[in-house]
Amino acid sequence: MKPDAYRSLGLSDKEYRDILKILGRKPTETELAMFSVEWSEHCGYPRSRKWLKLLPKTGRYKTLIGEDAGGILLGDLAIIFKMESHNHPSQVEPKQGAATGVGGIIRDIFTAGARPVALLDSLRFGPLDKAYNKYIFRGVVEGIQSYGNCVGVPTVGGDIYFDNSYTGNCLVNAMCIGIARKDKLMRARAYGPGNAIIYAGSSTGRDGIGGCSILASNEFKEGEEKRPTVQIGDPFTEKCLIEATMEAVNTGYVVGIKDMGAAGLTCCTSEMAEAGGSGMDIELQAVPRREKDMRPWELMMSESQERMLLCVRKGKEERIKKIFRKWDLNVSVIGRVTKDGMVTIRDNGEIVSRLNARSLTGAPVYDMPDKKPAYLKELNRLDLKNIPEPKDNNRILLKLLAAPSIASKAWVYEQYDHMVQTNTVLLPGSDAAVIRLKGTKKGIAATTDCNSRYCFLNPYRGAQIAVAEAARNLACSGARPAAVTDCLNFGNPEKPESFWQFKKCVEGLSDICRSFRIAVVSGNVSLYNESPRFAINPTPAIGMIGIINDVDKACRQNFKKEGDAVILLGFCLEELGASEYLLQAHNLTKGDAPRLDLKLEKAVQETAMAAIEKGLAHSAHDCSEGGLAVALAECCISGKDKMIGVNIDNLNYNMRPDALLFGESQSRIIITCDKVSVEKIRKIALGLKAPFSVIGKTGGRVLRILNGIEELVYLPLEDMREEWGGSLKRRIEG
Amino acid sequence: MLKAEINIILKNGVADPQGLTIKHALESLGHKGLGDVRIGKWIAIRLDYKDKKRAKEEVGLMCKKLLANPIIEEYHFKISEE
Amino acid sequence: MLKAEINIILKNGVADPQGLTIKHALESLGHKGLGDVRIGKWIAIRLDYKDKKRAKEEVGLMCKKLLANPIIEEYHFKISEE
Amino acid sequence: MKFGIVVFPGSNCDQDCFYVAREVLGQQAGYIWHKDTDLNRFDCIVLPGGFSYGDYLRTGAIARFSPVMNSIIGFAKRGGTVIGICNGFQILLEAGLLPGVMMRNRDLHFICRHVYIKTENDQTRFTGLYNAGDILSIPIAHNEGKYYVDARGLKELRDNNRIVFRYCSVSGDTDERSNPNGALDNIAGIINKKGNILGMMPHPERSSEKALGSMGGYPIFRSIVNWVKKGKRQ
Ligand SMILES: Nc1ncnc2c1ncn2[C@@H]1O[C@H](COP(=O)(O)OP(=O)(O)O)[C@@H](O)[C@H]1O
Ligand SMILES: [Mg+2]
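Residue numbers (the working numbering), protein chains in the order written: chain A, 7 to 740; chain B, 233 to 314; chain C, 233 to 314; chain D, 0 to 233.
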């Protein structure tokens, strides 16, 4: 075999030698293709697997781990969820790249037998002043919109940041949540000799061949030069596939099921056989196809969308086929389960590949060298003496409110159907979304978070803060953090600096999750996120769900009533490192990530949760990008119908005004309540050792912030609303 | 006055779910003997100048830069007088 | 084998905001001298028979019944051999 | 009474309507697969929202040919009550059961948010519990909601009081600023001559429970129930 043959498939010379060893002979082109995919970072995680073992698999709730998607048990319900990246496809074809990303993550959920009930998406783009970034942003939103809305799963949340490091390599991480009766859960495995292997869904074409392995294994050489075949999403077929699969699962005749995503039939056959400890005998002629004379390896590698593989009890084939036919979907028995532990692929009876299922899934594990980047030493140094204090804080606050990473995301989420399925009780526009579980009083809160500037300057703490903020957002909605899914987006792992960032983030992630007793139930790794010029900021996107016992208590971030007391849980430190303020006002990405004290963080969150559970709090909002001032502004102006001002006249900090207003100290939550409830909340805080102070009172048409007797901010609500609310639309539609 | 008529359509090999769905609909309406059905865009642009050569160049650029994505779509256009 | 190529566009007088948006986008890319821009659908249907007359009738029917909405759209098609 | 909720391939608000009929209104409800043709068991047919056939080609264009549609035409001829919501409305238009067409929203975006609509006609079996002029908060979620009909059609609708709902501001002005999608004359819902077929873009099933933030749509379903029950008593 000529080296360029396997190299073009992303296999190294060493890997090729290993394959020869395993087989004891030369692989056929089909086999080679199968190895290249199964051993790619996308499927086999050879470079990251070792470190992922660090992540905690247990937590406060009983976990379900080991399938494509993981989850937790809640009574006799299973909540299944996962986040996955579709970065590279979205960079070359934003609309379809994002759309197929959404489709893929939804299939990961309903293959588990769970009905998809919510979507979130975590997006990262280059600055909007570059035309191409704008084009990608619009395309991605268009793609998520066109797929999610049509397939009938509400997109209830997510997060969007803009940073130059994503110019040339955007991030599109889609997350889906599903619900199943726990006795109806499905697993991706095939067993029981003689049982049928059934193909269902769209027909197979040449699209996406090698897409995942090759895309996931190489950074972009020259911008657009790399042109993989991008698929077209078909949300209509996916919707039919969801309903048909649910029906099929309910018959009780389905032994196992898996979606054909990355590497299509290859992944499916080998992984289902391996998981079931059995073999498979597949006849490719039975595979529904869209194009003439496709080669066997093309059929095995095709990533055509909206396809499922089912293992069905012998004798029940017709019963299952009938269901898929009713939904006008292709369905065909393409093989049988065997005893021999071998995955045998035939074309017209003639064997084109015959492998031990284990050899395929046993991807190699690599130890990657890592090295702390030298540049950090200098970057982490920040001397506030060299940062001039702004003359006009009002101007700075307006500028921050209009900064795309902070500004209202309504332009985006109002293009998503976030209400279909009539479960969304806390709509987008608050810290977290809450969907109810029909038939119970309970609800699920969900959010995604990750400030990659923190991770760039301090990967370990940056990753911890991502988790802390996600949990805080849930707490603000009244939910108790339950479990995490992650999407680890990094640069080229073969570069020691990049791999160091990866390693540190995973360590930070696992440490804080252990301490919070939050399990990481699923996730996804996306490496090689680099443009010709630079790598992306390390971006361990965190998707977190929480449980709220009484959805009627769910709490929004905006002020509700005039005359409410404004309480600050936690306190402000004089720290400006890594802040949005340094970037917007001084064009600096410098200093260290904010400090994080896990005890303090927990105390603050517990207090907020308790206050909301007891029905004492009218609103709760955490301080994140833009610090105290931006958080207060958002409380004033993010109400759907009416805006309410506030007078903050009881801050007495001895520090620089800009640090007090815009510093991004962690573990801070702003709560409002009736005057009469203040003492009750103070007691809760005292009991939990959470710093507590009443800092002001809601009311009026302005945001006014004093420190001592010095007035730092005085802004009419309309002006802030204008900057914050219209910013994205102005930048995009011009 | 010139008029450019541009056809933009998915490349061969790229799945066309819309086209497929339309085909099924036509069949269920009783139309027989249908092969491939593909759906694309048709864009007509009026140009208020007469220089055909310039028109060719400009329209070619429009397609490349904005109207079509070469990764999944191909385009053809013709320019005629009005 | 025959191939039917069908054009479906909004009737004159019916506003075409999509066309307008494309026009603005093209102008912001620096293209000058643009008049009216209109966008419509282009559908290609392969027919596995040779009888052009039958093709004309069938395709005409397809347009009337399904492909176009007579209230706002008009259609033209041509049939060619392959 | 019994609601029959039609399920086209791609419908995605069918289960939401079913839930409201059963759990919120406490009525009977059943699904009708788009190939079924027997509607006799039902008092009211609901064409739910969603993306029948993916909205491919043109919204509602393919669904209108489903076998169930002929039965619905017959059902309506016999005076049966039919309500089309969002995509259901679009299908009714394509099927010619209601006049006009839906075009892309003015701003060429999908829009999902609460809007205000004004009850223009409270004399229908769908609006019995409203008073003319009532202002309701109710969600919309659509890409093609820009209603259009020719001048004669519009006059016909106006003259016969067939415009049932119009988009408006919180204070009730039906001006361009309160028009979310560019619909002609702010039209959000219309009814047929006979008064037994209603089509509306907003989603009453999404505003029939306090938990979901608005109750604007609830009276529509209640009105239907009352009307049907009254009919049965007589
Ligand atoms: N990509 C997105 N899709 C849907 N909703 C989004 C997206 N990005 C942000 N949002 C919503 O906008 C609101 C503000 O988001 P964000 O600023 O990230 O909140 P926080 O800073 O509290 O995490 C949230 O309700 C969030 O769900
Ligand atoms: Mg927050």
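Where a beta carbon is used, it is the ideal one built from N, C-alpha and C, also for glycine.
Expected contact under 8 Å - CB spacing of glycine 270/A and serine 310/A to nearest Å: 7 Å
Contact set for glycine 484/A: own chain, Cβ-Cβ below 6 Å, skip 5 residues either direction: Ile554, Lys559, Ala560, Cys561, Ile618
Using a threshold of 9 Å, state whether the C-beta atoms of alanine 571/A and lysine 681/A are closer than that. yes
In chain A, which residues lie with their C-beta within 7 Å of the C-beta of asparagine 11/D? Gly158, Lys245, Val426
With 9 Å as the C-beta to C-beta threshold (strictly closer), list the residues of the stretch 255-267 of chain B near chain D in chain order. His256, Ala257, Ser260, Leu261
9 Å Cβ cutoff, threonine 290/C in contact with chain B: Checking the sequence, you will find glutamate at residue 290/C rather than threonine. Chain B contact via Cβ: present.
Given a limit of 7 Å on CB to CB distance, which residues of the stretch 51-71 of chain D reach chain B? Tyr52, Gly53, Tyr55, Leu56, Ile61, Phe64
Can you give me the C-alpha to C-alpha distance between threonine 36/A and glutamate 313/B, rounded to a whole angstrom? 54 Å
Through-space distance from glycine 184/A to threonine 1/A, alpha-carbon basis: One cannot answer for residue 1/A here, as it falls past the ends of chain A, which runs 7 to 740.
For glycine 119/A, which residues of its own chain have a beta-carbon under 7 Å away from its beta-carbon, when the five flanking residues on both sides are left out? Ala186, Lys190, Leu191, Met192, Val255
Is the stretch 235-245 of chain A touching the stretch 91-106 of chain A, taking contact as three or more C-beta pairs under 8 Å? yes
Output yes if chain D places a C-beta closer than 9 Å to the C-beta of tyrosine 422/A; else output no. yes
Taking the beta strand (DSSP E) that leucine 92/D belongs to, which residues open and close that run? From DSSP, leucine 92/D is part of no beta strand (DSSP E) but of the alpha helix (DSSP H) over 86-93.
Segments of 3+ residues assigned as beta strand (DSSP E) that fall wholly inside the stretch 534-609 of chain A: 545-554, 571-575
Please return the same chain residues whose Cβ sits closer than 7 Å to the Cβ of asparagine 160/D, not counting the five positions on each side in sequence. Asn120
Closer than 7 Å, Cβ to any Cβ of chain B: which residues of the stretch 597-628 of chain A, in chain order? none
Neighbourhood of lysine 509/A by C-beta, 7 Å cutoff - its chain only, sequence neighbours within 5 removed: Trp57, Asp376
When DSSP labels each residue in this structure, what does isoleucine 25/A get in the three-state scheme? helix
List the residues that DSSP assigns as beta-bridge partners of tyrosine 147/D. Val100/D
Look at the alpha carbon of isoleucine 303/B and the alpha carbon of lysine 273/B, and state the distance between them as a whole number of angstroms. 16 Å
So, with DSSP's three-state summary, where would you put tyrosine 172/A? helix
Quick check on this structure: which residue in His308/B, Phe309/B, Asn239/B, Ile277/B has the alpha carbon closest to the alpha carbon of alanine 257/C? Ile277/B
Suppose only complete runs of 3+ residues qualify. What are the beta strand (DSSP E) ranges in the stretch 653-686 of chain A, listed by chain order? 675-679
Name, please, each residue of chain D whose Cβ falls closer than 7 Å to the Cβ of glutamine 151/A. Phe109
Hey, does threonine 430/A have any beta-carbon neighbour from chain D nearer than 9 Å? yes
Counting only Cβ pairs nearer than 8 Å, list the residues of chain A close to proline 8/D. Phe242, Lys245, Cys246, Trp333, Asp334
Where leucine 38/D and isoleucine 196/D are concerned, what is the direct C-alpha to C-alpha distance, given to the nearest angstrom? 15 Å
With burial defined as no fewer than 16 other Cβ atoms inside 10 Å of the residue's Cβ, what is the status of lysine 243/B: buried or exposed? exposed
Alpha carbon to alpha carbon, what distance is there between asparagine 479/A and leucine 694/A? 19 Å
Nearest to glutamine 97/A (by Cα), restricted to the options Thr491/A, Glu739/A, Asn175/A: Asn175/A
Could you check the C-alpha separation between alanine 137/A and tyrosine 422/A for me, to the nearest Å? 23 Å
According to DSSP, which residues form a beta bridge with arginine 130/A? Tyr167/A, Leu177/A
Relative to the C-alpha of valine 45/D, which candidate in Val169/D, Ser168/D, Val67/D has its C-alpha closest? Val67/D
Would you tell me roughly how many angstroms separate the C-alpha atoms of alanine 409/A and proline 133/A, rounded to the nearest one? 10 Å
N- and C-terminal bounds of the beta strand (DSSP E) containing tryptophan 333/A: Where tryptophan 333/A is concerned, there is no enclosing beta strand (DSSP E), given that its DSSP letter is neither H nor E.
Touch test, the stretch 286-304 of chain C against the stretch 399-416 of chain A, Cβ-Cβ under 8 Å, three pairs minimum: no
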